[in-house]
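Protein chains in written order, with the numbering used here: chain A, 1 to 135; chain E, 1001 to 1135; chain L, 2001 to 2135; chain V, 3001 to 3135; chain G, 4001 to 4135; chain Z, 5001 to 5135.
Report on the following structure.
6 protein chains.
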Amino acid sequence: MVAGEGKLQNLPIILVVEDEEPLQEIVHDALKEGGFDVTTVSSGREAVAMIESGVVNYSALVTNVNLKGPMKGWDVARLIRQIDPAFPVVYMTGAAEDWAAQGVPNSILLKKPFAPAQLVMAVSQLLNTGSSTSP
Amino acid sequence: MVAGEGKLQNLPIILVVEDEEPLQEIVHDALKEGGFDVTTVSSGREAVAMIESGVVNYSALVTNVNLKGPMKGWDVARLIRQIDPAFPVVYMTGAAEDWAAQGVPNSILLKKPFAPAQLVMAVSQLLNTGSSTSP
Amino acid sequence: MVAGEGKLQNLPIILVVEDEEPLQEIVHDALKEGGFDVTTVSSGREAVAMIESGVVNYSALVTNVNLKGPMKGWDVARLIRQIDPAFPVVYMTGAAEDWAAQGVPNSILLKKPFAPAQLVMAVSQLLNTGSSTSP
Amino acid sequence: MVAGEGKLQNLPIILVVEDEEPLQEIVHDALKEGGFDVTTVSSGREAVAMIESGVVNYSALVTNVNLKGPMKGWDVARLIRQIDPAFPVVYMTGAAEDWAAQGVPNSILLKKPFAPAQLVMAVSQLLNTGSSTSP
Amino acid sequence: MVAGEGKLQNLPIILVVEDEEPLQEIVHDALKEGGFDVTTVSSGREAVAMIESGVVNYSALVTNVNLKGPMKGWDVARLIRQIDPAFPVVYMTGAAEDWAAQGVPNSILLKKPFAPAQLVMAVSQLLNTGSSTSP
Amino acid sequence: MVAGEGKLQNLPIILVVEDEEPLQEIVHDALKEGGFDVTTVSSGREAVAMIESGVVNYSALVTNVNLKGPMKGWDVARLIRQIDPAFPVVYMTGAAEDWAAQGVPNSILLKKPFAPAQLVMAVSQLLNTGSSTSP
């Protein structure tokens, strides 16, 4: 889905936290296909710093849960929500059970394996403002 | 996402109201990529007339809010909902704040800049009948 | 949307019940485009048998409602939900009215004609775990 | 909650299907407390007949699932939804598992034991038209 | 439901717009029973003035749609949402059809006749912050 | 709303964590009015111990956020969700902002001051299994 790519002067920028290279590429490619711009970092520390700096106006966080290092995806989301309580959050994990205890409200969890379309839809759903009950 | 294009004898037709040409093309291309047919008009007056005539069976309205001329996107949606109370409505705008006062219920607002995938998802979500809470 | 295809070692596999060949192809292509793997069968009986056997771990059911033979799509979904009460279900039909009486809870109905993107979004929405109210 | 009882010239009338007398009374009293009028029948056959006759304009169905006789609560709801596809349905049951396979979409299930307030809230939620995401 | 009445030092105050006296009383009594404080005015003009003044911190608007005078309930809600875009809104009306064209997003409509419990639930649902999908 | 009290052989039991005595009474009375049984403890430590022991089958947690001692309401909910990932959670707090960062998914937050009916509705909504989009 590359229609209009490069024509909208700016696109929503998604901040991705992922420390495994093949997954970085899959996530990057899926979001680019959906028409999003993507910034990828390898640690939660970097992600929080980038939100804190406020230099770039990110639209959503997509984070792996099981990051190497002390800061897990759960921590990244909580710290960013303390800065911006409405910040959209998507988690990626192989073990979905912990979301009910560790996730933040109004977030979406993608259980691996997931299709690229699920990631694009999760981000889109969190960004769209609206109320839609079925007709 | 052009799988099957031309094979389904008819596709849902989306009525787009947009008076800036580059945006017309972006919206058109994104919806075509998602597999929808698209009719684009430049004014709310035309859109309402086409729904009123009933000649074509449109599936959803996608309208810019800040149209030139007296009729804004908010007015287009209200007039069409008076004709068909369940008609799906997607607004596009740079200033999202007015939706809470001027939008119709069960509509979706896309705040610019948005990715093409967000538009496709907004229309799809309003067209799909269903109830899905997470498993 | 084929980003990353083949790179994730496994993808969610969608079980499709459709007995008309052109529709089999459209549904298959749309889901593959979204990044899902697809298994297509022509009867509800086969579908239920495959879920029962437990050999493959299917992620969701997409079923035509008006199947030839005694078992309609409504029956397929009910039988599979008796095996797995949380199994995601998408119906495809030209006559949407019966869903309120014959559908299972937390399912999505696609009324024909539908765009390929609607199918991909329906499946994605049922697979994603999460709670998202608009910001 | 008996405010205004008798002052509104008519109140919504809830059709209750329950064949155990103590439960009839509990359900009746809870709904009356909430300000609803109540008609109680002991079998699904009677309930369907009353909806079919159209003499009284019932607002919602509250049905026990495990009724004596051949017609279970699941059947009552499906038959009534064939007459009125938007008819609100609340099930009461001790064994909640079957809802995912046997329930109709957009229904609510009360698992016994439940508090009277849960019943009043279930009926109210199905009757109120609206879309409310949290502020 | 008068538990705790008078013990919480302050209660949420609901602003009611209703110009028929018997209905004023019914609405007042139902909300008091639920534990809310109530301020009733007879015109939309007064309601908007009270929100604008900011003297009292109202928690929600409950308005009849068919008010005497030029300002209908639809107008009251739109004007108040321009002041506070997240203000909770409940409409009361005998003719529910117009809500889809004239209502604001994230509002609830009570179709007459309604039970007092429906009013209490509508207000409570709009005030509670949260996300609850069924377990 | 005391209809049927004592007639249902058991009622859902709500576990309340509150360390201020007047609030204990308000919460207790509101829930009893709604027809729930109530167990009140003064610390999160006790609450977690009671869920862990499994002696009583509690239906939901209602917890003040700002508890004295080291364990806040946020911690209580996370610990209990690690034991039972679907356990219904209602928070009560004067400062609502932290919920987006500290709350668990699928929980409800009551911002003080709240009416007793809001508490009863929050608990009921989390207990009721169902999917209800507006008719």
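C-beta: ideal position from N, C-alpha, C; glycine also.
Cutoff 8 angstroms: residue i Cβ touching any chain Z Cβ
i          : result
PRO3012(V) : no
Minimum Cβ-Cβ distance from residue i to chain G less than 8 angstroms
i          : result
ASN3066(V) : no
ALA5101(Z) : no
LYS5072(Z) : no
Whole-number beta carbon distance between residue j and residue i, since they are thought to touch under 8 angstroms
i          : j          : result
LEU4015(G) : TYR4058(G) : 4 angstroms
GLU2018(L) : THR2040(L) : 6 angstroms
TRP5099(Z) : LEU5109(Z) : 5 angstroms
SER107(A)  : PRO5105(Z) : 7 angstroms
LEU61(A)   : ILE80(A)   : 6 angstroms
PRO113(A)  : LEU2126(L) : Actually they do not touch by this definition, with Cβ atoms about 16 angstroms apart.
ILE2083(L) : ILE2051(L) : 6 angstroms
VAL4090(G) : VAL4123(G) : 6 angstroms
MET4092(G) : VAL4065(G) : 7 angstroms
THR2129(L) : ALA101(A)  : Going by Cβ atoms, the distance from THR2129(L) to ALA101(A) rounds to 13 angstroms, so no, they are not a contact pair.
Contact with chain L by residue i, beta-carbon distance below 8 angstroms
i          : result
GLU18(A)   : no
GLN3118(V) : no
ARG3045(V) : no
ALA115(A)  : yes
LEU15(A)   : no
GLY1004(E) : Per-residue confidence for GLY1004(E) stands at a pLDDT of 40, beneath the threshold of 50, marking its modelled position as unreliable; no derived number is given.
Within chain V, the residues that residue i reaches when beta carbons sit closer than 8 angstroms
i          : result
SER2136(L) : Shown here, chain L extends from 2001 to 2135; a query on residue 2136(L) therefore has no answer.
Listed by chain order, chain E residues near residue i by CB distance under 8 angstroms
i          : result
GLU4097(G) : PRO1085
ALA2060(L) : Simply none; closest approach about 10 angstroms.
Within-8 angstroms CB hit, residue i to chain E
i          : result
SER2107(L) : yes
VAL4027(G) : no
Partners in chain E for residue i, counting only beta-carbon separations shorter than 9 angstroms
i          : result
LEU2110(L) : LEU1127, ASN1128, THR1129, GLY1130
Below-8 angstroms beta-carbon distance, residue i vs any chain A residue
i          : result
MET2121(L) : yes
Residue-chain proximity (residue i, chain V), Cβ-Cβ < 8 angstroms
i          : result
GLN2024(L) : no
VAL2104(L) : yes
THR4133(G) : With a pLDDT of 43 at THR4133(G), under the threshold of 50, the modelled position of this residue cannot be trusted; read the value that follows with caution. THR4133(G) does not count as touching chain V.
Neighbour list for residue i in chain V, Cβ cutoff strictly below 7 angstroms
i          : result
ALA4077(G) : Per Cβ cutoff of 7 angstroms: no residues; ALA4077(G) is ~12 angstroms from chain V at best.
Amino acids of chain Z, ordered along the chain, whose beta-carbon sits closer than 9 angstroms to that of residue i
i        : result
VAL56(A) : Those within 9 angstroms of VAL56(A) in chain Z number zero; the least Cβ separation is about 21 angstroms.
| query | On the three-pair Cβ rule with 8 angstroms, is the region 33 to 48 of chain A touching the region 114 to 126 of chain A? | reply | They touch, by the three-pair rule.
| said: Below 8 angstroms, how does it come out for the region 1059 to 1079 of chain E and the region 4074 to 4089 of chain G: are there three or more Cβ pairs, yes or no? | reply: These segments do not touch.
| Residues of the region 2030 to 2041 of chain L with Cβ closer than 9 angstroms to any Cβ of chain A, in chain order | Residues of the region 2030 to 2041 of chain L with a Cβ closer than 9 angstroms to any Cβ of chain A, in chain order: LEU2031, GLU2033, GLY2034, GLY2035, PHE2036, ASP2037.
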